[in-house]
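Q: Structure provided below as structure tokens; questions to follow.
2 protein chains.
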Amino acid sequence: QLLELVDTLLEEATDLRGKQVIVTAGPTREPLDPVRFFSNYSSGKMGYALAQEARRRGAHVTLITGPTALEAPVGVKTVAVQTAEEMYNAVNKRYQQADIVIKAAAVADYQPVDVFAHKQKKNADEWSVALERTKDILRFLGEHKKEQILVGFAAESEQLHTYAKSKLERKNLDLIVANNITTEGAGFDVDTNVVTVFTRDGQETAYPQASKKEVAKQILNELEAYMKRREA
Amino acid sequence: QLLELVDTLLEEATDLRGKQVIVTAGPTREPLDPVRFFSNYSSGKMGYALAQEARRRGAHVTLITGPTALEAPVGVKTVAVQTAEEMYNAVNKRYQQADIVIKAAAVADYQPVDVFAHKQKKNADEWSVALERTKDILRFLGEHKKEQILVGFAAESEQLHTYAKSKLERKNLDLIVANNITTEGAGFDVDTNVVTVFTRDGQETAYPQASKKEVAKQILNELEAYMKRREA
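Residue numbers (our numbering), protein chains in the order written: chain E, 1033 to 1264; chain V, 1033 to 1264.
Written out as structure tokens, the structure reads:
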């Protein structure tokens, strides 16, 4: 903990120095009644590691996070949200001032159509829950992009390349970080990840398994290299 | 942390000494696909506090817990589960050897009928998810009760007395701990609780707001008093 603090304070000045960086992290929870909700298995570890690493490189970092079991990183402004809608509002409010947005959160893409004010009793043997799409935050960011650099994630269980490259295009991203959640040592609730980074200008780099802290460095290195190419 | 450890090791011998106690805690998660699940807002704090207090009173405690952000209590055998079905199996396996079962877990009462092996793509604007009832663990324990003492919980947002007393009867419980989750300082993800304890022999005691650690003492005091009356 202390070593981590020292490490964070001894920031390394890179091209991220002084940049306004928004990182989103964790799952969202979409309530069905005061007791029940829909969510996903995101632990928030990847996003928190990215926030910490961006801070270490001298960026001003805002971490917008769904419910996780993690401690807020030192030196980072942390904003806690619950639902996809709250996440959307928190990101949107800060988007125009941002230089870089890294959307590592696993935002729920469906929410219950009806949210009950009281706990529903379990009378029925079956219960059909109607879900509707949440606001697509990444699509919104892509559509309203000016000079911002937009980094998205694709967590897939099949056809990783196809889905990731299609998402990069559709959402108007600059980088996409893709991982196959069925690969051992990748994905949710583990301390490591195995990613492939695709960039808007056609680069594709597959990395071996590494700690999420290490993967955060890989992603920000890719990001800085992309920024350099874009400016050139 | 150290003080807590000392506190736990300096056990207080009471009528729980040497008893085999099972405590369940936390939520369960019912998967829909490799990414999405249904769950509830239980933090596990009440169950963990009960496990720790039972241990402090000299009981042999097994804590069967869904996913929480909490550290396993010292001196307690902890078994981690994810789904209602895993919780059912873990409790059932140990039930005949148990003297007391305290079911503080907020087990999901519905699970998706279809569990998809691959992440479902968000193509449709609407998605109707069919849910079916999970196995009713408490009912099963009530039906197969021999000498065990069975403690249940009722977390309600309305009609607390009616629901709690009806559940005590229907599930063949010895004690039920009822709390209104809409009361400030009660219920999920807070460090305090406000409970009313109902016993099989007709006692009803309402307690003021207290820390979950303190509420654990209230509940186990009620339990020990009930055991004394039953033996008399």
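Ideal placement from N, C-alpha and C gives every residue a C-beta, glycine not left out.
Predicted, not measured: the structure shown is a model, and the values here were computed from it.
#1: Between V:N1072 and chain E, is the shortest Cβ-Cβ distance under 8 angstroms, so that the two count as touching?
#2: Just the C-alpha distance for V:E1190 and E:V1147, rounded to the nearest angstrom, thanks.
#3: Which runs of the beta strand (DSSP E) fall wholly inside the stretch 1165-1222 of chain V and span at least 3 residues, in chain order?
#4: Using 8 angstroms as the threshold, is the stretch 1096-1111 of chain E in touch with the stretch 1053-1061 of chain E, meaning 3 or more CB pairs across them?
#5: Considering only the beta carbon of each residue, do V:A1116 and V:T1194 sit closer than 8 angstroms?
#6: Mind pulling the chain E residues with CB within less than 8 angstroms of V:H1150?
#7: Between E:A1091, E:Q1152, E:E1236, which has its C-alpha nearest E:K1109's C-alpha?
#8: Are V:R1232 and V:L1200 touching if we call contact CB-CB under 8 angstroms?
#9: By the DSSP assignment, the beta strand (DSSP E) with E:L1255 in it spans what residues?
#10: Could you give the first and the last residue of the continuous beta strand (DSSP E) run that contains V:E1236?
#11: Looking at the strands, I want to know which residues DSSP matches up with E:Q1143.
#12: Can you tell me whether E:E1103 is helix, strand or coil according to DSSP?
#13: For V:P1240, count neighbouring Cβ atoms within 10 angstroms of its own Cβ and tell me buried if that reaches 16, exposed if not.
#14: Can a CB atom of chain V be found closer than 8 angstroms to the CB of E:R1171?
#15: In the stretch 1087-1104 of chain V, which residues sit with their C-beta less than 7 angstroms from some C-beta in chain E, listed in chain order?
#16: Would V:A1138 pass as a contact of V:S1074 if the rule is Cβ separation under 8 angstroms?
#17: By the 10 Å Cβ neighbour count, where 16 or more other Cβ atoms means buried, how is E:Q1084 classified, buried or exposed?
#18: Look at the alpha carbon of E:G1107 and the alpha carbon of E:Y1142, and state the distance between them as a whole number of angstroms.
#19: Shorter than 8 angstroms from the beta carbon of E:T1214 to some beta carbon of chain V?
#20: If I measure Cβ to Cβ from V:K1154 and keep anything under 6 angstroms in the same chain, skipping five residues before and after, which residues do I get?
#21: Just how far apart, CA to CA, sit V:A1187 and E:K1203?
#22: Quick check: the stretch 1061-1081 of chain E against the stretch 1064-1083 of chain V, are there 3 or more CB pairs under 8 angstroms?
#23: Between the stretch 1166-1183 of chain E and the stretch 1125-1132 of chain E, do three or more beta carbon pairs fall short of 8 angstroms?
#24: Would V:P1066 pass as an interface residue toward chain E - the criterion being a Cβ-Cβ separation below 8 angstroms?
#25: Can you pull the chain E neighbours of V:S1160, defined as C-beta to C-beta under 8 angstroms?
#26: So, under 8 angstroms CB-CB, V:D1081 and V:K1245 are touching, yes? Tell me the CB distance rounded to an integer number of Å.
#27: Taking DSSP as the reference, what is the three-state secondary structure of E:K1077?
#28: Taking DSSP's pairing of strands, which residues face V:L1082 in a bridge?
#29: If you compare alpha carbons, which of E:V1161, E:A1264, E:D1223, E:G1079 is closest to E:P1063?
#30: Do we get a CB-CB distance below 8 angstroms when we pair E:F1185 with the residues of chain V?
#31: Since V:D1157 meets chain E, which of its residues come closer than 9 angstroms, beta carbon to beta carbon?
#32: With distances taken Cα to Cα, identify the nearest neighbour of V:T1100 among V:E1216, V:D1221, V:W1159.
#33: If you measure beta-carbon to beta-carbon, which residues of the stretch 1219-1244 of chain V are closer than 7 angstroms to chain E?
#34: Scan the stretch 1123-1151 of chain V for residues whose Cβ lies nearer than 7 angstroms to a Cβ of chain E and list them as they occur along the chain.
#35: Just how far apart, CA to CA, sit E:A1136 and V:A1257?
#36: Below 6 angstroms CB to CB, which residues in the same chain sit around V:Q1052 once its five sequence neighbours on both sides are set aside?
A: Straight from the coordinates:
#1: V:N1072 belongs to the set of residues whose beta carbon lies under 8 angstroms from a beta carbon in chain E.
#2: If you take the alpha carbons of V:E1190 and E:V1147, they lie about 16 angstroms apart.
#3: With a minimum length of 3 residues, the continuous beta strand (DSSP E) runs that stay inside the stretch 1165-1222 of chain V are 1181-1188, 1207-1212.
#4: Yes, the stretch 1096-1111 of chain E is in contact with the stretch 1053-1061 of chain E.
#5: No; because the gap between Cβ atoms is not below 8 angstroms, this pair is not in contact.
#6: By Cβ distance, chain E contributes S1189, E1190.
#7: Minimum Cα distance to E:K1109 is reached at E:A1091.
#8: In this structure, V:L1200 lies closer than 8 angstroms to V:R1232 by Cβ.
#9: E:L1255: not part of any beta strand (DSSP E); member of the alpha helix (DSSP H) spanning 1244-1263, first to last residue.
#10: Here the beta strand (DSSP E) through V:E1236 covers 1236-1238.
#11: Per DSSP, the beta bridge partners of E:Q1143 are E:E1164.
#12: E:E1103: coil per DSSP, three-state reduction.
#13: Exposed, since its Cβ has fewer than 16 Cβ neighbours within 10 Å.
#14: Answer no: the Cβ-Cβ gap between E:R1171 and chain V never drops below 8 angstroms.
#15: Answer set for the stretch 1087-1104 of chain V: A1101.
#16: Cβ atoms of V:A1138 and V:S1074: closer than 8 angstroms.
#17: Label assigned to E:Q1084: buried.
#18: When rounded, the distance between both Cα atoms is 33 angstroms.
#19: Interface residue, yes.
#20: Listed in chain order, the non-local C-beta contacts of V:K1154 below 6 angstroms within the same chain number zero, local neighbours out to five positions each way being set aside.
#21: Distance between the alpha carbons of V:A1187 and E:K1203 is about 42 angstroms.
#22: A contact between stretches requires three or more CB pairs, one per stretch, nearer than 8 angstroms, and the stretch 1061-1081 of chain E meets this requirement with the stretch 1064-1083 of chain V.
#23: A contact exists between the stretch 1166-1183 of chain E and the stretch 1125-1132 of chain E.
#24: It does: the Cβ of V:P1066 has a partner Cβ on chain E nearer than 8 angstroms.
#25: The contacting residues are S1160, V1161, A1162, L1163.
#26: Here residue 1081 of chain V is Ala; the residue named in the question, Asp, does not match the sequence. About 5 angstroms separates the beta carbon of V:A1081 from that of V:K1245, a gap short enough to meet the 8 angstroms contact definition.
#27: In the three-state DSSP reduction, E:K1077 falls in the helix class (H, G or I).
#28: Note: V:L1082 sits in no beta bridge, so no partner.
#29: Ranking the options by Cα distance to E:P1063, first place goes to E:V1161.
#30: The beta-carbon of E:F1185 is placed no less than 8 angstroms from the nearest beta-carbon of chain V.
#31: In chain order: E1164, R1165.
#32: It is V:D1221 whose Cα lies nearest to the Cα of V:T1100.
#33: When CB distances to chain E are screened at a threshold of 7 angstroms, not a single residue of the stretch 1219-1244 of chain V falls below it.
#34: Those would be D1141, Y1142, H1150, K1151, in chain order.
#35: E:A1136 and V:A1257 have their C-alpha atoms roughly 52 angstroms apart.
#36: Counting only Cβ-Cβ distances below 6 angstroms, and skipping sequence neighbours, we find H1092, Q1129, A1130, D1131.
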